Structure formats: C-alpha cells, structure tokens
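Counting the sequence shown from 1 gives a position; the working numbering is that position plus 32.
Step one of this worksheet: look at the structure below.
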Amino acid sequence: AESASAYGLAIPSNNVKAAVEHILNQNVPSYGYLGVYLKEVYPHDAIALGLQSTEGCLINGTLAGSPAYLAGLRKDDVIMRFHGQSFSGIQELVQLIQSTAIGSSVDLAIVREGKEMSVTAVIRDNGSVEIPEPTEALVSESWERTGLKVGYVAASERRRKGYDPSHPMVEIAEIRAGSIAKQMGLFPGLLIHRVDQVPTQTPREFYEMIHGRSRFEVTQERQEQPSVMLEISVPGRRTSVRLQMPLS
C-alpha cells in the first residue's frame, strides 16, 4: 500500500475558539474540506515531475468522492495557488481550505506533468463524500460480459484493510454463476486496484473501463477476443489476472 505523509499542524487560536463555541452550542465543528493528501515538494520530487522549483504542495492522493476527486485532481498534481492566493507550505494551505465557506467554488492553479493549468473545486463540509453512481446499463453490461458486480470501499474500511484511504480499489460484491470470473476462481471480497493499469477508485470507474474496453475491442478488424487485465489483492499478496470477455 502507498503511504501518505502525515503532518502535525498547529491550529490557530481563533479556530480553536470557534470550535469550542460550536461544541458549547451543541453543534459539530464544520470546516472547509477538499479531500487531498499533501506533502512538501522536495528537490527529488521537482526533478522527477519536471518542476522549476520546490514551491507549492504535492498531492499524494485524493479521497474518492471528495471535492478534489470530483474536480479531477490526482496524485502528483502540484497545487501552486489556492483561489489566487499563494501559500508558504502545507499548514497555510490547509488553513486556507478550512477557512473557505462551504459551497464556495475555488480555482486551483496547479502543475500537472510539467504544464500549468487551472482546476475548479467546490469546497464541502469536512469529511463529506459524493460517489458517482453507475448507470444500470453499465452494471448490466459488466454482469453479462465479466460476471462481476463491484462495490465502493469507504475510507474507514480501507484503513481497516491496511490501506491509505486514497489507495485505488473497488471490492467484488457479486459473481455470476457460470461466468469466466467464477471459472477463474475470483470471489466476493477480493479487491480490484487497477483495470488495464488504470487506477480504479469507484464502481462507476470500473464499469466505464469495462464498457470502454468492450467497445474498443469489438470495433477492431481482428478476431482477438476482448479482455481486461485486473490487478487484484488476494490474501497475503497482490497479483494480476487477464479476464476474457465474450463479444457482445
């Protein structure tokens, strides 16, 4: 499992006072939330990512369903400015995020693969997630062609399984009797981390990958049977299996 860096962050006295007042009023303290795991940009990171300096904060992962995830932010993006404001490090960026009004749209200036770009995210309440649901058609297609239905793995469950919450995974929920997945020995509870090397965080991402691979293979002028490579966790180890799919 990948490990996100942890940081002890000092909390400004005004934030502590506001939190205490919320508690005394029998309210749960509420902070702006983006859903990213951050680390400082070290010289070796700058070299590996083609950056001109060690400024900004490096995203070490995003929590599935978080505002960052929904905005399209991803691992190895570097946040340079938060809604036009520069910051000196992780602590200051976290304070900017937490002090932003819930529901506000913010523009993030980032560097991705050496290119500067802007991403818009909507700040939500701390810890909130919104998992995009797959369509019934996508689920049915996967059920018929792979024999698999998968489910979302919540952050608390990922930790229990020994993974960081940002680590890609979906869990096999059901397997169709007689399917190739059943014949290959797959079973409910196994974790799927990647489909054809693409990190897979939600059921919809899994089903869309299956749909995309099916269309790609069927439209090729060749007789090769369509298939997908699944990177999965089995008890005690990780492995990859190639899952053949019948033509639709």
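The C-beta atom is built at its ideal place from N, Cα and C for all residues, glycine as well.
Remember, predicted model here, so these are calculated numbers, not experimental data.
Within the continuous alpha helix (DSSP H) that includes residue i, where are the two ends?
{"i": "Arg-190", "result": "187 to 192"}
{"i": "Val-171", "result": "168 to 177"}
{"i": "Pro-76", "result": "Reading the sequence as shown, one finds His at residue 76 and not Pro. His-76 -> alpha helix (DSSP H) spans 75 to 81."}
{"i": "Ala-103", "result": "99 to 103"}
{"i": "Ala-213", "result": "212 to 215"}
Can you give me the C-alpha to C-alpha distance between residue i and residue j, rounded to a whole angstrom?
{"i": "Pro-75", "j": "Val-68", "result": "21 Å"}
{"i": "His-225", "j": "Ile-134", "result": "32 Å"}
{"i": "Thr-234", "j": "Gly-183", "result": "7 Å"}
{"i": "Arg-274", "j": "Glu-189", "result": "27 Å"}
{"i": "Gln-276", "j": "Ile-163", "result": "28 Å"}
{"i": "Glu-176", "j": "Gln-215", "result": "14 Å"}
{"i": "Val-73", "j": "Thr-271", "result": "32 Å"}
{"i": "Met-261", "j": "Gly-179", "result": "15 Å"}
{"i": "Leu-83", "j": "Arg-113", "result": "15 Å"}
{"i": "Phe-119", "j": "Leu-223", "result": "38 Å"}
{"i": "Cys-89", "j": "Ile-242", "result": "34 Å"}
{"i": "Ser-136", "j": "Gly-159", "result": "16 Å"}
{"i": "Pro-197", "j": "Ala-187", "result": "5 Å"}
{"i": "Glu-263", "j": "Lys-193", "result": "17 Å"}
{"i": "Ile-207", "j": "Pro-278", "result": "16 Å"}
{"i": "Gly-121", "j": "Ala-141", "result": "15 Å"}
{"i": "Ala-33", "j": "Gly-221", "result": "Per-residue confidence for Ala-33 stands at a pLDDT of 34, beneath the threshold of 50, marking its modelled position as unreliable; the derived number appears in the next sentence. Spanning the two alpha carbons is a distance of roughly 17 Å."}
{"i": "Thr-86", "j": "Asp-77", "result": "8 Å"}
{"i": "Asp-228", "j": "Pro-258", "result": "12 Å"}
Using the Cβ count rule (16 or more neighbours within 10 Å means buried), how would you classify residue i?
{"i": "Phe-219", "result": "exposed"}
{"i": "Thr-167", "result": "exposed"}
{"i": "Arg-245", "result": "buried"}
{"i": "Gln-117", "result": "exposed"}
{"i": "Ala-205", "result": "exposed"}
{"i": "Ala-38", "result": "Because Ala-38 sits at a pLDDT of 43, beneath the cut-off of 50, its placement in the model cannot be relied upon, and the point is left open."}
{"i": "Arg-236", "result": "buried"}
{"i": "Ala-96", "result": "buried"}
{"i": "Asp-109", "result": "buried"}
{"i": "Glu-240", "result": "buried"}
{"i": "Gln-130", "result": "buried"}
{"i": "Ile-111", "result": "buried"}
{"i": "Gln-127", "result": "buried"}
{"i": "Gly-217", "result": "exposed"}
{"i": "Gly-64", "result": "buried"}
Does DSSP put residue i in a helix, in a strand, or in coil?
{"i": "Lys-147", "result": "strand"}
{"i": "His-115", "result": "coil"}
{"i": "Glu-72", "result": "strand"}
{"i": "Val-126", "result": "helix"}
{"i": "Ala-141", "result": "strand"}
{"i": "Ile-163", "result": "coil"}
{"i": "His-243", "result": "helix"}
{"i": "Thr-271", "result": "strand"}
{"i": "Arg-208", "result": "coil"}
{"i": "Gln-84", "result": "coil"}
{"i": "Tyr-325", "result": "Nothing in the structure corresponds to residue 325, since the chain is present only between 33 and 280."}
{"i": "Asp-196", "result": "coil"}
Could you tell me the boundaries of the beta strand (DSSP E) in which residue i lies?
{"i": "Glu-263", "result": "259 to 266"}
{"i": "Lys-107", "result": "Neither: Lys-107 is in no beta strand (DSSP E) and is coded neither H nor E."}
{"i": "Thr-234", "result": "Taken as a continuous stretch (DSSP letters only), Thr-234 belongs to no beta strand (DSSP E), as it is neither H nor E."}
{"i": "Thr-132", "result": "It is not in any beta strand (DSSP E) - Thr-132 carries neither H nor E in the DSSP assignment."}
{"i": "Arg-226", "result": "223 to 227"}
{"i": "Gly-282", "result": "What the structure shows of the chain is the stretch from 33 to 280, and residue 282 is not part of that stretch, so it cannot be assessed."}
{"i": "Asn-92", "result": "89 to 94"}
### Query
Between the stretch 168 to 175 and the stretch 140 to 160, do at least 3 Cβ pairs fall closer than 8 Å?
In the pairwise beta carbon analysis, the stretch 168 to 175 is classified as not touching the stretch 140 to 160: fewer than three pairs are separated by under 8 Å.
### Message
Within 8 Å, do at least three Cβ pairs link the stretch 101 to 111 to the stretch 150 to 160?
### Response
Under the Cβ criterion (8 Å, minimum of three pairs), the stretch 150 to 160 counts as touching the stretch 101 to 111.
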